[in-house]
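Trainee: Please see the structure below; I have some questions.
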Amino acid sequence: MQQFTASRNAETPDELWLVEHPPTFTQGRAGKAEHLLHPGEIPVVAIDRGGQVTYHGPGQLILYTLIDLSRRNLGVRVLVSALEQSIIQLLLGYGIEAVAQREAPGVYINGAK
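Last residue of the sequence shown: 120 in the numbering used here, with the numbers rising by one and none dropped.
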């Protein structure tokens with residue numbers, strides 16, 4: 008992903024990556040070592056994003072949006088809201104009610120993220 012981002016130019020098409028990671032903890036800029044009580048043998052990877060610590064592992068699909076926001080004249084919040092609404096509509100198709108919360112980005116079902 009870093010290689011893709013570093014080598015792209017104004018003509019590089021945007022990409023969506025759907026991946027499944029091996030067991031990994033990612034630690035965002037707000038993450039601290041004490042947030043992980045017992046990581047065991049699971050690697051902890053420091054990454055350049057907001058947030059604290061997130062677990063990724065088998066059975067969990069991760070969607071990466073590799074989008075040139077300036078070329079599309081989009082802000083991060085607009086993109087996040089659009090993704091949240093897309094997920095909410097998808098879940099509704101399965102009869103699952105979900106909501107977004109502006110003050111705490113994410114998709115919530117019964118108050119849980």
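Virtual Cβ for every residue (Gly too), placed ideally from N, Cα, C.
Looking only at DSSP bridge pairs, what is I116 linked to?
Mentor: Translated into positions along the sequence shown, residue 116 becomes position 109. Paired residue(s): A119.
Trainee: On the DSSP bridge list, what partners appear for Y71?
Mentor: Numbered from its first residue, the sequence shown carries residue 71 at position 64. Bridge partners of Y71: W24.
Trainee: Along the beta strand (DSSP E) that carries T19, what are the first and last residues, could you check?
Mentor: Within the sequence shown, the letter at position 12 stands for residue 19. Unbroken run through T19: none, as it is neither H nor E.
Trainee: I believe G64 touches H28 by the beta-carbon criterion, under 8 Å. Please report the beta-carbon distance rounded to the nearest angstrom.
Mentor: The sequence position of residue 64 within the sequence shown is 57, counting from 1. The sequence position of residue 28 within the sequence shown is 21, counting from 1. Their Cβ separation, rounded to whole angstroms, is 6 Å, which keeps G64 and H28 in contact under 8 Å.
Trainee: Looking at the structure shown, is A2 part of a helix, part of a strand, or coil, going by DSSP?
Mentor: Missing from the structure shown is residue 2; the chain here goes from 8 to 120 and no further.
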